[in-house]
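Protein chains in written order, with my numbering: chain A, 1 to 200; chain B, 1 to 84. Every residue gets a Cβ at the ideal spot worked out from N, C-alpha and C, and that includes glycine. Notes follow the structure.
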Amino acid sequence: MWIYEKKLQHPVKIAKCDPAMAKIIITQLGGPDGELGASMRYLNQRYAMPNDKVKATLTDIGTEELAHMEMVASIVHQLTRNLSMSEIEKSGFAPYFVDHTVGIYPVDANGVPWTAATIQSTGDPIADLHEDMGAEQKARKTYDNILNLCDDPDVRDVIKFLREREIVHYQRFGESLEHILENLNSKNYYAFNPAFIPKK
Amino acid sequence: MSEQKTLLSRIATCDFILAETAMFLDTHPNCTEALGFYKKHLEMRKKAAEEYSEKFGMLRHEDYAGQTSWQWTEGPWPWEYEEV
Chain A
1 MWIYEKKLQH
11 PVKIAKCDPA
21 MAKIIITQLG
31 GPDGELGASM
41 RYLNQRYAMP
51 NDKVKATLTD
61 IGTEELAHME
71 MVASIVHQLT
81 RNLSMSEIEK
91 SGFAPYFVDH
101 TVGIYPVDAN
111 GVPWTAATIQ
121 STGDPIADLH
131 EDMGAEQKAR
141 KTYDNILNLC
151 DDPDVRDVIK
161 FLREREIVHY
171 QRFGESLEHI
181 LENLNSKNYY
191 AFNPAFIPKK
Chain B
1 MSEQKTLLSR
11 IATCDFILAE
21 TAMFLDTHPN
31 CTEALGFYKK
41 HLEMRKKAAE
51 EYSEKFGMLR
61 HEDYAGQTSW
71 QWTEGPWPWE
81 YEEV
């Protein structure tokens with residue numbers, strides 16, 4: 001089960017509003033490589049894992065992703081404070097505004113709602129961990145692109161922190177994959193799904 | 001029931017009482033009766049959790065108490081079916 005702690009993992013304090021930037025950054029909440037998808041992917045993949053270390057890793061990273069979701073939402077929230085109607089119209093924020101005002105809703109940068117179709121849980125630990133390593137790289141890529149688009153040091157500080165975490169998670173998933181491969185049954189030479197051996 | 005299961009069930013009972021009471025307090029923050037009820041079960045929870053982690057290992061990372069290895073990774077995990 002989960003408990004909530006009333007703090008952010010890394011502080012978010014953004015002085016200057018920027019609805020155009022909010023519209024870009026929200027993709028890390030509800031986009032294809034965002035934190036909501038990361039969390040759902042890892043927490044749902046745990047059940048098929050045959051190995052306790054990997055179960056722990058997915059639990060801990062999946063939990064951290066929930067905290068990252070809150071950080072990305074905090075950035076978007078702070079970037080859309082005290083807006084005038086003309087700022088909303090000029091920044092391209094109006095299409096989001098008309099549906100969600102300045103509430104937080106998980107969409108990508110084009111306004112497409114989050115979908116579980118962007119994640120997988122295959123029931124095969126080898127396939128899942130390869131996906132997880134890919135997912136961390138794809139999230140890192142999105143943070144790189146945000147850093148290329150964003151000059152505000154208050155925003156960049158948080159994005160850089162989140163980017164670093166993707167790299168650490170990638171490392172842990174790589175170790176998890178190695179762990180699974182090292183512990184394959186010696187007869188399983190071709191690395192068939194070690195989590196599902198059909199009953200004879 | 002094993003001592004471990006008894007303790008775990010006591011913690012789960014306390015946790016449910018705490019969650020339910022906290023939710024009530026969210027909309028009734030000045031209810032002294034509910035505050036007292038929360039405090040009583042919080043103490044029970046702390047005592048049970050302390051005893052559990054001393055005897056059977058970690059329920060959360062912060063239960064680590066200087067053991068020579070990171071027991072967090074040791075099964076069984078809560079979603080697993082256990083025989084008996």
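Report task. Within the same chain, show all residues whose beta-carbon is closer than 6 Å to that of residue 129 (chain A), passing over the 5 residues directly before and after it, in chain order. Result -> Excluding positions up to five away in sequence, the list reads 173, 176, 177.
Reference residue 125 (chain A); option with closest CA among A:5, A:44, A:97, A:17: It is A:44.
Next item on the list: Using three-state DSSP, classify residue 78 (chain B) as helix, strand or coil.
Entry: Reduced to three states, the DSSP call for residue 78 (chain B) is coil.
For the stretch 32 to 75 of chain A, list the alpha helix (DSSP H) runs that are entirely contained and at least 4 residues long, ordered along the chain.
The alpha helix (DSSP H) runs of length 4 or more contained entirely in the stretch 32 to 75 of chain A are, from start to end of the chain, 35 to 45.
(Q) For chain B, check one thing: does any of its Cβ atoms lie closer than 9 Å to the Cβ of residue 41 (chain A)? (A) Output row for residue 41 (chain A): interface = no.
Have a look at residue 97 (chain A) and residue 88 (chain A) and give me their C-alpha separation to the nearest angstrom.
One C-alpha to the other measures close to 8 Å.
Any residues in the stretch 8 to 33 of chain B with a beta carbon nearer than 7 Å to a beta carbon of chain A? Which ones, in chain order? The residues in question: there are none.
Requested in this report: Check the Cβ of residue 128 (chain A) against every Cβ in chain B and list those closer than 9 Å, keeping chain order.
Outcome: None at all; the shortest Cβ gap to chain B is about 16 Å.
- Query: What did DSSP end up calling residue 155 (chain A) once you bin it into helix, strand or coil?
  - Reply: In the structure shown, residue 155 (chain A) sits in a helix (DSSP, three-state: H, G or I).
Close beta carbons around residue 45 (chain B), own chain, < 6 Å, minus the five adjacent residues each side:
Hits under 6 Å: 14.
Could you tell me the alpha carbon to alpha carbon distance between residue 160 (chain A) and residue 22 (chain A), rounded to whole angstroms? Near 16 Å, if we compare the C-alpha coordinates of residue 22 (chain A) and residue 160 (chain A).
Next on the checklist: Would residue 14 (chain A) and residue 109 (chain A) qualify as a contact pair, given that the criterion is a beta-carbon distance under 9 Å?
Outcome noted: Their beta carbons are not under 9 Å apart, which means residue 14 (chain A) does not touch residue 109 (chain A) by this criterion.
Where does residue 107 (chain A) sit, in a helix, a strand or coil, going by DSSP? Three-state DSSP puts residue 107 (chain A) in a strand.
**OP:** Could you list the residues in the stretch 44 to 67 of chain A with a C-beta less than 7 Å from some C-beta on chain B, going in chain order?
**Re:** If the cut-off is 7 Å between Cβ atoms, the stretch 44 to 67 of chain A has 47, 52, 53, 55, 56 near chain B.
What span of residues does the alpha helix (DSSP H) with residue 45 (chain B) cover, start to end? Residues 32 to 56.
Query raised in the report: Which two residues bound the contiguous alpha helix (DSSP H) that contains residue 145 (chain A)?
Result: Run containing residue 145 (chain A): 125 to 149, per the alpha helix (DSSP H) assignment.
CA-to-CA distance, residue 26 (chain B) to residue 60 (chain B), given in whole angstroms | Straight across, the Cα-Cα distance linking residue 60 (chain B) with residue 26 (chain B) is about 25 Å.
Pull up the CB-CB distance for residue 29 (chain A) and residue 42 (chain A), whole angstroms please, since I reckon it's below 8 Å.
-> With a contact defined as Cβ atoms closer than 8 Å, residue 29 (chain A) and residue 42 (chain A) miss out at about 16 Å.
Discussion item. Run through chain A and tell me which residues come within less than 7 Å of residue 73 (chain B), C-beta to C-beta.
Written reply: The answer, in chain order, is 52, 53, 56.
| request: Find the nearest neighbour of residue 18 (chain A) within the set A:169, A:181, A:76, A:194, judged by alpha-carbon distance. | output: Closest by C-alpha distance to residue 18 (chain A), out of A:169, A:181, A:76, A:194, is A:76.
- Please decide whether residue 41 (chain B) counts as near chain A, where near means a Cβ-Cβ distance under 9 Å. With 9 Å as the cut-off, residue 41 (chain B) does not count as an interface residue toward chain A.
Practice item. Determine, using beta-carbon pairs with one atom in the stretch 30 to 37 of chain A and one in the stretch 109 to 123 of chain A, whether at least three such pairs fall under 8 Å. Key: A contact between stretches requires three or more CB pairs, one per stretch, nearer than 8 Å, and the stretch 30 to 37 of chain A meets this requirement with the stretch 109 to 123 of chain A.
Mapping DSSP to helix, strand and coil, what is residue 113 (chain A)?
Residue 113 (chain A) carries a strand assignment under DSSP once its states are collapsed to helix, strand and coil.
**Q.** Of the listed residues A:11, A:47, A:35, A:181, nearest to residue 64 (chain A) (C-alpha basis)
**A.** Taking residue 64 (chain A) as reference, the option from A:11, A:47, A:35, A:181 with the minimal CA-CA separation is A:35.
Reduced DSSP secondary structure (H/G/I, E/B, other) of residue 15 (chain B): DSSP, reduced to helix, strand and coil, places residue 15 (chain B) within a helical segment of the structure shown.
Out of A:62, A:37, A:61, which one is the CA nearest neighbour of residue 113 (chain A)?
For residue 113 (chain A), the nearest C-alpha among the options comes from A:37.
On the DSSP letters alone, give me the boundaries of the alpha helix (DSSP H) that residue 19 (chain A) sits inside. 19 to 25 is the extent of the alpha helix (DSSP H) around residue 19 (chain A).
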